[in-house]
Each structure stands twice: as C-alpha cells, then as structure tokens.
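Quick notes on the structure that follows.
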Amino acid sequence: MRLHFYAGILIAPFILIAALSGGLYALAPTAENILYSDLLHTDSTGPTTSVAEQVDAATQIRPDLTVHAVRPAAAPGDTTRVMFTDPSLGESERRAVFIDPVTAESVGESVVYGSSGALPMRTWISGFHRHLHLGEPGRIYSELAASWMWIVALGGVVLWVRRYRRGGRLLTVDRSVTGRARTRNWHGGVGIWIAVGLVFLSATGLTWSKYAGENISELRTSLSWTTPTVSSSISGNAAPASGDHSGHNMPAEESALDAGIGRLDAVLGTARAAGIDGAVEVTVPAAADRAFVVSQTRQPWVFSTSSVAVDANTDTIVDTNWFSDWPLAAKLATWGIALHMGILFGLANQIALALLAVALVTVIVRGYLMWWQRRPKGHLPSRGAMRRLPAWQIASLAAGTTVVGWFVPLLGISLVAFLLADALIGLRHRTRTLETSS
C-alpha cells in the first residue's frame, strides 16, 4: 500500500506526461494521412509509369543526393516515395520526394523518419513522447514511467481485489457513495479495467528504453530471440542490410547505382514472384557487390515483415528472411511494437490506445484527488506489512526485487530512494513520538 502510494504521488507525473503524449501519438498515423494528403495521395488515374521512371523523376528533383530506398505506390491513388540519403539530416532521417505514379511528376518533398517513414508531425509527437525533445537525458522520463507503470497497475489491482472481492463492485463504480469514497471508486474501478493494457504498454515501452532496453536486447541475444536480418552480399560475405542504418552515409558507385535503378521493376517483380506481397520498401544497394533488399513494411492488419535480397544482375534471390521462420519471441516483439504504435489494427488500434490514454489520465487525476481529499487529517498508509510475512516470503521477495531492480535499473534506483525516504520518515516519526512521551 505504501509503495503504491509513493509511486502514485512521485512517479505519476511522468506517467501522466507519457499518457497525454502517447494518446496523441496513437492518433498520429491517421492525422498524418489527413494532414499530408497532398504528399501521400494523388487524383491521377490511368496506367502507371515504371518504378524506374518514377525514381528517375525524383533524382531530377534532388540530383545532389543519393537514392537510398523506394516505396512504390501500394494502391491506386497513392504516391511513390523515393528516399534519399541527406548528410544534413539527423540519424534515421531521410529526404523523401513523393512522385505521382501515373504522371511521374513530383508532388512535393519532406523529411521522413525511421522504419515507419514518419512525416514531420508524427516525428515531433514521437520525439515528445519518447524524450520530451530533450535528447538522451529526456529518455529518463519515459523509461521511469514505463519501469513503474506495471508495478503501480498490478499493485492497484491487488489493493482493489482485497477491498471489493466480496462486495460485487470489483468491475463497476459505486455511484451511491460521495466524497473521497466516490473518488476512490472511480480510481480503482477504471484502473482495474485498464490494468492489462498498462502492463502491455509498460513491457513494450521498456524495449525502446535506454538502460532496461539494453538489458532486454542482451537477453534476447543470449536466448536467440533477436529479429533475423537478410544479407545483401552478392559475394557471400554476410552483411545484414535491413534496418534504419543500413547503407547510411555510404558512398555509392554512381555507374552501378544508375544501372541498378534501371533494374528496379525487374527486381520488384522477382520479389513479388517469390511471395513478397503488399506494401514494400526497396533498399537500393550502395555498392556493386550488394543486392537490392525488398521488405514488407508495417501496415494495418498485416502481420508479417518478410524480406528478400535480389541480385539485379541476374534477377535471382541471394538471401531470404521469411517472417514465418522467425523465433516466436521476435514475432511477438514485432507485433507488440506495432500494436503500441497504433499500426497493427489500424484505426481501431489507434482509438483503443487513445481511450486507454484517457482512462489512465482519469485514474491519475482521481488518485491525486484522493490524496488531496484526505488532507489535512490524512496520514500515510500504515507500515509493517513486510514484517508480518514469513521469513521465506521476505527472502523470496527481496531476491526477486533485486533481480528486477538490476534488470530495470531506473526502477531499482528509484525504489531504493523510496525505501530510504520511507525509513527517514519512520525514524523522524519515532523520534517525535519519543519526545512527546517524555
């Protein structure tokens, strides 16, 4: 109870910011589609030009840059996205020229970010959600929120079940009560409905974090749960080519690049024949001894992200990476991230995340209101619950807490700080009690 109270008072502000920014980010894909409709869509109808022609049109717009990848129009009315490596941009950023596939004319250009190809508005919201635009130090806020959210959620469920397991109000709000009791009912009643969602967001959010994220990556590597990659090497020397940073800032051999661009449609046809369907991204090789990589992109209701490497000189596949062959943990991680980002189930996914964010804000606000309503006569929850446990339970709890605190460092550090603060408060209370009695 005391841990839930301390975390609720001191960590809730970080969770509140994450909830508000996360709710905005959940709706960002749909908002992006509306805000940038002039770049993403076209009214042109008729037969489409070849992908190579479209890329050539984009290079005429930006002859000073090197083509990195192409996302051909996935459906009638969509534009083709040609992405360039631009040394003036930040990490994982590309300069994209959007081409009308029917007329092979540019409809505009913009900076895109990451494997999702986020446009500036979504990129800004993502950065605010991730680090408040404070750089690496700002990531501490989001990691602290993700580290504690599952603890607060599960602790709240335990407290709520203990209080109402016999009263028939476990999953409903008692509207007959008033004052602090009504506030507590709203806090707990809403909280128990969203607890599973909060644990999910906490777990998936930690995979992106700095300190816990590194431990998760090491664990996945040791258990062979990492996401497989496809090699783009034609010579046989393994060189993974999938991911945001493959080929970044690498000089291309211009003649090989030009020849390769002319083979784009054949490369794409080879990948389609092999089973790569849906929306794709074609990564252009940065050297003559590399192959094109054709990868499925994250799309709503698409549950695979397979990829193949195609030698443009022979139109043969030199390596494959089928999603069906991935370890289960890698599949779950990919699906979990897409669900967290509001992509996996499209608009329904985004609405559900937005509602979850609103519910979380409600729980936090009601929690602070409970704390305010108990002042000035209120006091901290009583201590001593640990001392009433059997020795083996205390030892098990301490060992488990130590392991979790090491694996999730910001949780461990802040928990030690809470315990020290609580000990000092207890010492001060005992000192005052002794002074009063004497």
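Residue numbering for the sequence shown follows my numbering, starting at 97 and increasing by one per position.
Positions of the beta carbon are idealized from the N, C-alpha and C atoms, including for glycine.
- The continuous beta strand (DSSP E) containing residue 179 extends over residues 176-181.
- Cβ neighbours of residue 226 within its own chain (closer than 8 Å, five residues either side excluded): 234, 235, 238 and 304.
- The continuous stretches of beta strand (DSSP E) do not include residue 257, which lies in the alpha helix (DSSP H) extending over residues 235-260.
- Your pair residue 388 and residue 358 does not check out as a contact, with CB atoms roughly 12 Å apart and the cut at 8 Å.
- For the region 375-429, there is no continuous alpha helix (DSSP H) assignment of 4+ residues that stays within its boundaries.
- Assignment of beta-bridge partners to residue 202 by DSSP yields 195.
- Here residue 209 carries a strand assignment [DSSP, helix/strand/coil].
- Residue 123 has its alpha-carbon roughly 5 Å from the corresponding atom of residue 446.
- Three or more Cβ pairs closer than 8 Å define a contact, and the region 397-404 falls short of that threshold against the region 177-190.
- Distance from the CA atom of residue 247 to the CA atom of residue 142, rounded to whole angstroms, is 56 Å.
- By the Cβ-count criterion, residue 229 is exposed, with fewer than 16 other Cβ atoms from all chains shown falling within 10 Å of its own Cβ.
- Taking every protein chain shown into account, the CB of residue 281 has 16 or more other CB atoms within 10 angstroms, so this residue is buried.
- Closest in C-alpha terms to residue 277, from the list 114, 379, 518 and 463, comes 463.
- Sequence-distant partners of residue 216 (beyond 5 residues in either direction) whose C-beta falls short of 7 Å from its own C-beta, in its chain, are 206 and 207.
- By the Cβ test, the region 411-426 is in contact with the region 313-333, since at least three Cβ pairs between them sit closer than 8 Å.
- Residue burial is scored here from C-beta neighbours: residue 120 has at least 16 other C-beta atoms within 10 angstroms and is therefore classed as buried.
- Residue 360 and residue 140 have their alpha carbons spaced roughly 23 Å apart.
- Secondary structure in the region 428-455: no alpha helix (DSSP H) run of 4 residues or longer lies completely within the stretch.
- Between the region 130-140 and the region 191-200 there are three or more inter-stretch CB-CB distances shorter than 8 Å, so the stretches are counted as touching.
- Judged by beta-carbon spacing, residue 421 lies beyond the 7 Å limit of residue 414, meaning their Cβ atoms are not closer than that value.
- By the beta-carbon neighbour count (other beta carbons within 10 angstroms, threshold 16), residue 268 is exposed.
- For residue 187, the secondary structure class from DSSP, reduced to helix, strand or coil, is coil.
- Counting along the chain, residue 269 sits inside no alpha helix (DSSP H), nor does DSSP assign it H or E at all.
- DSSP, read as helix, strand or coil, puts residue 320 in coil.
- Beta bridge pairing from DSSP links residue 167 with 177.
- Between the C-alpha atoms of residue 315 and residue 297 there is a straight-line separation of about 19 Å.
- Going by DSSP, residue 275 is part of the alpha helix (DSSP H) stretching over 275-303.
- The beta-carbon separation of residue 300 and residue 436, rounded to 4 Å, stays under the 8 Å limit for a contact.
- Residue 373 and residue 409 have their C-alpha atoms roughly 22 Å apart.
- Contact between residue 150 and residue 178 is confirmed by a C-beta separation of about 7 Å, below the 8 Å threshold.
- Membership of residue 214 in any alpha helix (DSSP H) is not indicated, and neither H nor E is assigned to it by DSSP.
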